[in-house]
Amino acid sequence: MERASKAQAAAAQEEPRLTAPTATAPGRLASSRLLTPGGVATLGIALGAVALWLVLPPVTSRTIAVPLVVGAAGAAAGGWAIRRGGRRIGWGAVASGLIGMLGGVFVTRASAAHLSDVITWSTLVSLTLVYMTPLLFAALGGMFSERSGVVNIGLEGMMLMGAFFGVWGADRTNSWVLGVVVGVLSGALLALVHAYFSIHLRSDQIVSGTAINFLALGITGYLYNDIYGEKGTPGDLPAMPNVNLDFLAAVPPRTLGHFLQDSLSGISLMTLLALALVVLSWIVLFKTAIGLRIRACGEHPRAADTVGINVYAIRYAAVTLSGMLAALGGVFLSIGFSHSFTENMTAGRGFIALAAMIFGNWRPFGALWATLLFGFSSALSPQLENVDAWANYSTLFAALPYLLTLIAVAGVIGRSIPPAADGRPYRKQ
Amino acid sequence: MPDDSLVLELRAITKRFPGVVANDRVDFDLRRGEVHALLGENGAGKSTLMNILYGLYKADEGETIVNGRRVSFGSAKDAIRAGIGMVHQHFMLIPVMTAAENIVLGSEPMDGRVLLDYRRARERVSEISRTFGFHIEPDMLVQNMTVGQQQRVEIVKALYRRADILILDEPTAVLTPQEARELFEILRSLKAEGMSIVFISHKLNEALEIADRITVLRRGRKVGTVPRAGATEAALARMMVGRDVVLQVDKGPPHPAETLLEVRDLHAFDDRGVEKVRGVSFDVHAGEIVGIAGVDGNGQTELIECLTALRHRASGTIAVAGRTLSPHASPRDALDAGLGHIPEDRHRHGLVLDFTLAENLVLHDYGKAPFAARGWVFPRRIVQRARELLRQFDVRGGGPATRASALSGGNQQKLVLAREIGRDPRVLLAAQPTRGLDVGAIEFVHRRLVEERDEGRAILLVSLELDEILSLSDRILVMYEGRIVGEYGPDVSEETLGIAMTGGTLSGKAAAA
Amino acid sequence: MSERLPPTEGRPEPELPLGLAARLELWQRAGGVVTPLLTTIFAFFMGGLVVLVISGKNPLNTYREIFTGSGINWFGSYCSYPCTSSGNLQQTLIQFTALVLTGLAVAFAFRCGLFNIGGQGQYIVGTVVAVQIGVSFSSLPTAVHVLLAAAAATLAGALWAGIAGILKATVGAHEVISTIMLNWIALWVASYLIGFGGPMQDPAAGPVPVTKEIASSAKLPVVWGSQLLQGLHVGLFVALAALVVYWIVLGRTTLGYEVRAVGFNAEAARYGGISVSRSYFLAMAISGAFAGLAGSLDILGWQYRLDLTSVQTYSQIAFIGIAVALLGRNTAVGVFFAALLFGALKTGTSTRNLDPTVFKPELANNLTQLIQGLVVLFVGADVLILSLWNVRRKLRLPQRKRSPA
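Chains as they are written, first to last, in my numbering: chain A, 1 to 429; chain B, 1001 to 1513; chain C, 2001 to 2405.
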């Protein structure tokens, strides 16, 4: 959804100005990938992350110079990139370097003993994957919808529907599988409403998506209060299975194997499903005919129409799919993670997923990295509360994922390029 | 050699839109192996007729007969299946996809049941283009191609679907004279292979060059069909417009005075970081019209944007009426310095369609006296001024309180002119000022520009239409790949200009074919 | 000459995607006041249907209860039991005050083509600042104290929204995502501030997350009813004044001209010399100012203190503001009536007003949300409303070959 005003002027025409091309996808800079501003800036971002990592367990370097030097190097790399024209990603590296330096200084002043309690990497990794899962489902769903040309702000609402109806379905049928089915169906139904209003009635897609969110809040809240009332959802909901990956302990060297086992064994089936879905989405979108058609509908629906593609049908299908996937994420949130439902439990995750999709440039693997990052920030905040010195600020840490998303929206992804016809209703003549 | 069997017949086609009859009982037929030109000015109904044929519109009355059978196309797919292919005026290509992807879209070769067979797609594309004697790079992104190449992709798109009737809608609108020549070669070779071609155009000379027969439409009606032999430009023009057309603007000699616009060594980049203006220098004097000719995409747009401060220039100086424009100037500063700008897209840039005519007329000056003081706006004075300007410029279709969207294209352009000229600028920048206008409006605009020139303004005209450049300009500059590659007087031949516009290669081939 | 317009030859039809402001303006030309009326009726109808289907209760009874609970019946002396309607009407008008302002917050941004979903965060920021100033400076005379608190809150709201405005203006970040993130950030920061051990928590309250009550010099005088029983405060007139200010700014100032131009066609506005970035920033800031003011009026007028629950519940009023703006089609008059409607709805469905035998009060809030959602949904579908209004056009919709309308 982000647009540079100039790119919008060119891309907003239904017949793109092919002679003065619109901007390309970011990252397609010069031929050599390493010494380009983009490559150097990415290195800078990595350096910033490393600076922070060095002061945390297991390395737990206590020398204040270490994060300062490494972080400064990252920031410098960013500065170099900026001067060579890679402005956006260069500033990202500068930010990362600064965070590395500041965070490193902060951490070296905290007590070392506590750090080991606080920053257990294996917990962080497994929690990251857990937090990532609902985001990833929703982000992939949003990706399909937007690739076909329909903006889907209602991911949040569809996720919420899935969360509630997943619980309700599992409760009624005593089976988590049927719970998933019911949840996914509810998401699909809500998505159909959005699709109808956006595609057939050509309403403004953002307004329509917002309405969907209100509707979902109303419906789920109403039903929750009506059916479960004050007692809340039952505590014995059927749970989703976890996958036993203990065999990972055998990976040499032993410390790595144990680390993998601690962090990854017991991962939820849904998480694995989400990861598989990333690969599947990539194949479908870029290697199949239907994927080509979906992308065509999102870039130039009139061109697709003139070769006989049914733009309406494809957009309907894509939006419905997005509803199903977002609901799947919601189902995981309720049944798979918190084993309950509370009103508005999605807490803005649908929007974080949207930001992740944009961050990932509307590509499956991009969404994967982005949701990993956001999942990491969500996983980090409860850990940070354990640090005594920061206990008073524990509530503030809850804002961390949102702050990070805001920075991401503002910084590195400010001018990413959506599918050219994204958000614009298509009218068959 | 066209034989007499008809591959296509349109009988009594009528199509109505709210407020206008686009096609009124039009008959049209196409013989096998012929090139049939469909001629008419903007708004005559040519594109509508062909869109009906191609299944994009449904006719209200009349029938379509293809190869002897009555057909009714519900969509483009039906038309494609019947062997009709269309190359649209605005290409139906997806910029971020490759040529091969664009060509096979909708009829993709499959590997198994699900995966797309990219290899076979590439092979087919190469095969087809080779058969007809041109070359297309299957894996090249469309957005990296020249317009001529893109057009060829469109043609191959039709051929891939085994079309034997090809419709080309204003194909030379975006080509240089040389590229147009190449296109005609391709059309001849297609003809030789048995294709039947409909060639839609408003350019008389092209119709005379390539067509076997010419049908003229005017205001939705067919005026007549003539064979090429014996047809003259004047006769065709009379058929198109219904009266004798003065093909040249009545223009006295220029009396250039002081330099009002001075550009030195201007450099600028586009949004992708590509350098589009590479050291442009020129002057425009009071009382003259300088025309910049060139194929779209050679930096003219960026040049105008720099002059109007809509784009930051990388280096170089600009001086208006002697005062230099700072590199950090805002568009407002440029306007205040004495520039007037008629933008090339009046809908997107020239007007706020949802504003009233009065509001549009003060788009630059709403914040200044007498229309406002200290942030407070005086609507009555705005309306008053609007009334004056509307009268002076003969803008019809509404009054100061009418919404701009209710006006016709010609009147909208007059509105833009009224606003710009009404501010009494020293320098007037006109970019494609007659785009999409009918002959009456074009005449008005041209006349007005010459009048303003005689009032002592400096006028810079940027246009893709060589006729317009040739008829209006006192001096002509040709822009190619961001540089001024030639300066000519008004008597220069189209041929010379055409060569300069493509970099001056005497072999006649487009530079990046 | 190359025809720039698509094959609808001869017609001045702009085949441009209409900007958000232009679309919302479309109905104004088409339906006058009928369109929002139809939308509302339709939404209520659908809401009633939902009530019927889900709980089996007669929706008409429910709506009658809501009507009585809202106090609107005070106007016509249509009053069956001991007339609590004056109290109810005061409540409705209190809600109305807040809704007018949050509605204007969204409406102003819409006029500039921006979707300000961040009203909640801007409201929260306003309440926090208002409480802080209300609690401090107790030695000031009332007028000054109130003015200071309200002004600071307004400024705070403007700044909070301004962040999103700057992001949009400089890097083009979409305001929907940035404002939503800012909502959550505001929520958590406020929760921290007034939570246990937080800097604004009342130490005398023990573990309860609540602030001190504001000084009496900061409380708004009540114009109807009693101060102790949450009577209607002078904020009502501030809201009405805000409506006038809104109308004046948009119609009679240069800023308003710029905002409207950018909302309709940002590119043309830029060509005309208007700074689009500046307009985006100012539009967001002014929007935020309205929302921040709403927050301060609620605090100074009747809440008097901030606690964790109220941070989360009362700030929802900003979302109703979205429905208000859309239903009122971003005009001052429209916002007035839409705010009245939703204010009545909110009061009528509040826990203490609704007879539990007719409708479970906890559900009532969700019903409001449902109706709200339906209103936004239908209001966003201008074509639907247009077609309901113009049956002839509706007959053409299903046809594949349509004239470009």
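From the three backbone atoms N, C-alpha and C, an ideal C-beta is built for every residue, glycine too.
All of these numbers come straight from a predicted model, not from anything done at the bench.
Could you pull the start and end residues of the beta strand (DSSP E) that tyrosine 1480 of chain B belongs to?
1475-1480
What residues of chain E sit near isoleucine 1094 of chain B, judged by a beta carbon separation below 7 Å?
This model lacks chain E altogether; the protein chains it does include are A, B and C.
To the nearest angstrom, how far is the alpha carbon of arginine 2064 of chain C from that of leucine 2363 of chain C?
16 Å
Between which residues of its own chain and alanine 2405 of chain C is the CB-CB distance below 6 Å, once the five residues before and five after are set aside?
For alanine 2405 of chain C, the predicted model reports a pLDDT of 27, less than 50, meaning its position is unreliable and no value from the coordinates is stated.
The segment 1125-1140 of chain B: which residues have C-beta closer than 7 Å to a C-beta of chain A, in chain order?
none
Considering only DSSP beta bridges, list what asparagine 1023 of chain B is partnered with.
B:Lys1015
Please list, in chain order, the chain A residues whose beta carbon lies closer than 7 Å to that of leucine 1115 of chain B.
Lys287, Thr288
Taking 8 Å as the cut-off, does the segment 1260-1272 of chain B touch the segment 1309-1325 of chain B (at least 3 CB pairs, one atom from each stretch)?
yes
Beta-carbon contacts of glycine 166 of chain A that lie in its chain and below 7 Å, excluding the five residues immediately before and after
Gly179, Val180, Val182, Gly183, Gly330, Val331, Ser334, Ile335
Give the residues of chain A in contact with glutamate 1108 of chain B, contact being defined as C-beta atoms less than 7 Å apart.
Ala289, Leu292
Does DSSP put methionine 101 of chain A in a helix, in a strand, or in coil?
helix
Which of the three DSSP states is assigned to glycine 291 of chain A in this structure?
helix
Tell me whether the segment 1009-1025 of chain B and the segment 2203-2223 of chain C touch, counting them as touching only if at least three CB pairs, one residue from each stretch, are closer than 8 Å.
no
Have a look at A:Val125, A:Val55, A:Gly48 and flag the residue whose alpha-carbon is nearest the alpha-carbon of serine 377 of chain A.
A:Val125
Could you tell me whether the Cβ of histidine 1285 of chain B comes closer than 8 Å to any Cβ of chain C?
no
May I ask you to list, following chain order, the residues of the segment 1344-1366 of chain B that have a beta carbon less than 7 Å from some beta carbon of chain C?
Asp1345, His1347, Arg1348, His1349, Gly1350, Leu1351, Val1352, Leu1353, Asp1354, Phe1355, Leu1363, His1364, Tyr1366
Counting only beta-carbon atoms, is alanine 1180 of chain B nearer than 8 Å to chain A?
no
Report yes or no: is there a C-beta of chain B within less than 8 Å of the C-beta of glycine 423 of chain A?
no
Starting from phenylalanine 1199 of chain B, follow its DSSP beta bridges and name the residues at the other end.
B:Ala1037, B:Leu1168
Quick check on tryptophan 53 of chain A: does DSSP put it in helix, strand or coil?
helix
Would the segment 226-243 of chain A and the segment 360-377 of chain A be scored as touching if the rule is three or more Cβ pairs under 8 Å?
no
Near-chain C residues of the segment 213-233 of chain A - C-beta to any C-beta below 9 Å
Asn213, Phe214, Leu215, Ala216, Leu217, Gly218, Ile219, Thr220, Gly221, Tyr222, Leu223, Tyr224, Asn225, Asp226, Gly229, Glu230
Inspect the beta-carbon positions of glycine 209 of chain A and valine 151 of chain A and report whether they are closer than 8 Å.
yes
Going along chain B in order, which residues have a C-beta closer than 7 Å to the C-beta of leucine 2282 of chain C?
Within 7 Å Cβ-Cβ: nothing; leucine 2282 of chain C doesn't reach chain B, min ~12 Å.
Serine 186 of chain A classed as buried or exposed, judged by whether at least 16 other C-beta atoms fall within 10 angstroms
buried
To which residues does DSSP link tyrosine 2123 of chain C through a beta bridge?
Looking at the DSSP assignment, tyrosine 2123 of chain C forms no beta bridge with any residue, so it has no partner.
How many angstroms separate the CA atom of aspartate 1474 of chain B from the CA atom of aspartate 1271 of chain B?
33 Å
Cβ-Cβ separation, isoleucine 1484 of chain B to glutamate 1420 of chain B (assumed contact under 8 Å), whole Å:
Not a contact, Cβ separation roughly 25 Å.
Which value, in whole angstroms, describes the spacing of the CA atoms of methionine 1140 of chain B and leucine 280 of chain A?
26 Å
Report the CB separation of alanine 2242 of chain C from glutamine 2122 of chain C in whole angstroms; it is logged as a contact under 8 Å.
At roughly 14 Å, the Cβ-Cβ gap does not stay under 8 Å, so alanine 2242 of chain C and glutamine 2122 of chain C are not in contact.
Starting from the Cα of valine 193 of chain A, find the closest Cα among A:Pro419, A:Ala216, A:Val55, A:Thr173 and give me that residue.
A:Ala216
Extract the residue ranges of the alpha helix (DSSP H) inside the segment 147-209 of chain A, only unbroken runs of 4 or more that lie entirely within it.
155-173, 176-195
Answer yes or no: does any C-beta atom of chain A fall closer than 8 Å to that of isoleucine 1304 of chain B?
no
Kindly list the residues whose CB is nearer than 8 Å to the CB of leucine 135 of chain A, restricted to its own chain and excluding five residues on each side of it in sequence; keep chain order.
Gly329, Arg349, Ile352, Ala353, Ala356, Thr371, Phe374, Gly375
Could you tell me if the beta carbon of arginine 1120 of chain B falls within a distance shorter than 7 Å of some heavy atom in the ligand HEM?
No copy of the ligand HEM appears in this structure; indeed no ligand is present at all.
Is the beta carbon of arginine 319 of chain A sitting closer than 8 Å to the one on cysteine 297 of chain A?
Rather than arginine, the amino acid found at residue 319 of chain A in this sequence is valine. No.
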